Amino acid sequence: MKRELPIVLAADKNFSVALGLAILSLLKSAAPTTKYDIYVLDDGVTDGVKADIEKLKQEYDFSISYFDVAEIVNMMPKSARFPKVAFARFYIPELLPEKVTGRILYTDADMLFKEDLTPLFDTEMHGKALAACPDVNIAVLPRRNDVHQLGKRYGVSFYGDNPPYFNSGVLLFERKKWQTSDYAQKIIQMAQQELPPEVRLFDQDLLNVVCRNEITSLPVRYGVIPCFEQNYTQGYSKKFKEAGAFFPTERELIDSFKNPAIIHYACAKPIVYDRPKYGNEDIFSTCGRILPGVTASRISQCKWSKPSL
Numbered sequence: 000m001k002r003e004l005p006i007v008l009a010a011d012k013n014f015s016v017a018l019g020l021a022i023l024s025l026l027k028s029a030a031p032t033t034k035y036d037i038y039v040l041d042d043g044v045t046d047g048v049k050a051d052i053e054k055l056k057q058e059y060d061f062s063i064s065y066f067d068v069a070e071i072v073n074m075m076p077k078s079a080r081f082p083k084v085a086f087a088r089f090y091i092p093e094l095l096p097e098k099v100t101g102r103i104l105y106t107d108a109d110m111l112f113k114e115d116l117t118p119l120f121d122t123e124m125h126g127k128a129l130a131a132c133p134d135v136n137i138a139v140l141p142r143r144n145d146v147h148q149l150g151k152r153y154g155v156s157f158y159g160d161n162p163p164y165f166n167s168g169v170l171l172f173e174r175k176k177w178q179t180s181d182y183a184q185k186i187i188q189m190a191q192q193e194l195p196p197e198v199r200l201f202d203q204d205l206l207n208v209v210c211r212n213e214i215t216s217l218p219v220r221y222g223v224i225p226c227f228e229q230n231y232t233q234g235y236s237k238k239f240k241e242a243g244a245f246f247p248t249e250r251e252l253i254d255s256f257k258n259p260a261i262i263h264y265a266c267a268k269p270i271v272y273d274r275p276k277y278g279n280e281d282i283f284s285t286c287g288r289i290l291p292g293v294t295a296s297r298i299s300q301c302k303w304s305k306p307s308l
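Just so you know, the sequence shown maps onto residues 0 to 308 in numbering that gives the first Met the number 0.
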């Protein structure tokens, strides 16, 4: 009997193609004993992509449902860098059907999955409501100063003996704990206020402030970001001297970049490059050379060479 793992992805129209690629890689990397129960926070995913994803059922065993989150996201602040649908992730435990109990994994749509996610779901949560990957971008100025200023503004610290600042691209929810703690409402209430200039990454910054003591660390290999390649591979002692005991070790960062379980294309997407710009982008760039403006997915044309996935 297969183990069903609930996973939620969020996408708007502009992330439709990325969503198709993410789901294809998720299915290709699944173990024979795993069935993914997929949910999409849908803020305008194109019909063409949905049709291509549906065709994948001819080869893979999975289920998929779409939630129209337009009403939720219309209440959220607008950012030039981040789609409003980003805030819908905090309502995931309320949106999913009652049959989904225990843990729920959320990821952004700009992901490629290289391994089965059963070990991720079995992560020790230490009684926390949420698990996430420490954000390696805190090493880079001016981002290090941004995090300092964010903490100063809200009276928290992300360095030294304190839990690190986390990336919100991969979130493992403990459903009951998250719901009873009312974190979603607290985050949204903050988001609807006039946000101070210290809040630069919107949903991610607010998550780190509101849930300061309810996040446990996932191994960073579950959210490797290619454009931060040098942060993983070079200058650890200089960059992370303030990071503290909760931050990954130098060896863990290097090994994670060499052998990522999930690749998160959080910066400029490799689909706009003529060729891969950073390590871990070649697997994406060889996937059909999808260009901006494509309204329907070409995931059926993607060439995946094993054991890449």
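Ideal Cβ placement from N, Cα and C applies to all residues, glycine included.
Source: prediction; values computed, not measured.
A distance below 6 Å between beta-carbons, with the five flanking residues on each side excluded, links Ala128 to the following residues of its chain, in chain order: Glu173, Lys176, Trp177, Ser180, Glu213. Under the DSSP assignment, Tyr231 falls in the alpha helix (DSSP H) whose first and last residues are 228–232. For Asp41 and Pro92, the gap between their C-alpha atoms comes out near 16 Å.
In the DSSP assignment, Glu249 falls within the unbroken alpha helix (DSSP H) covering 249–257. Counting the other Cβ atoms within 10 Å of the Cβ of Asn144 gives fewer than 16, which makes it exposed. In the DSSP assignment, Thr106 forms a beta bridge with Leu8, Val169.
By the Cβ test, the stretch 103–112 is in contact with the stretch 0–11, since at least three Cβ pairs between them sit closer than 8 Å. Residue range 117–120 is occupied by the alpha helix (DSSP H) that includes Pro118. Membership of Ser15 in the alpha helix (DSSP H) is indicated by the continuous run 15–27. Within the same chain, Cβ atoms closer than 6 Å to the Cβ of Ile22 are found at Ile52, the five residues on either side in sequence being excluded. Within the same chain, Cβ atoms closer than 8 Å to the Cβ of Cys132 are found at Phe165, Asn166, Gly168, Val169, Ser216, Leu217, Pro218, Val219, Tyr221, Gly222, the five residues on either side in sequence being excluded. Comparing alpha-carbon positions, the option among Ile186, Leu18, Thr45 lying closest to Tyr38 turns out to be Leu18. Buried is the label assigned to Thr45, since at least 16 other Cβ atoms lie within 10 Å of its Cβ.
Within the same chain, Cβ atoms closer than 6 Å to the Cβ of Leu94 are found at Phe66, the five residues on either side in sequence being excluded. Proximity to Lys238 across Ser255, Pro141, Phe201, Asn207 peaks at Pro141, based on C-alpha coordinates. Shown here for Ala244: same chain residues with a beta carbon closer than 7 Å to its own, the five before and five after excluded, namely Asp160 in chain order.
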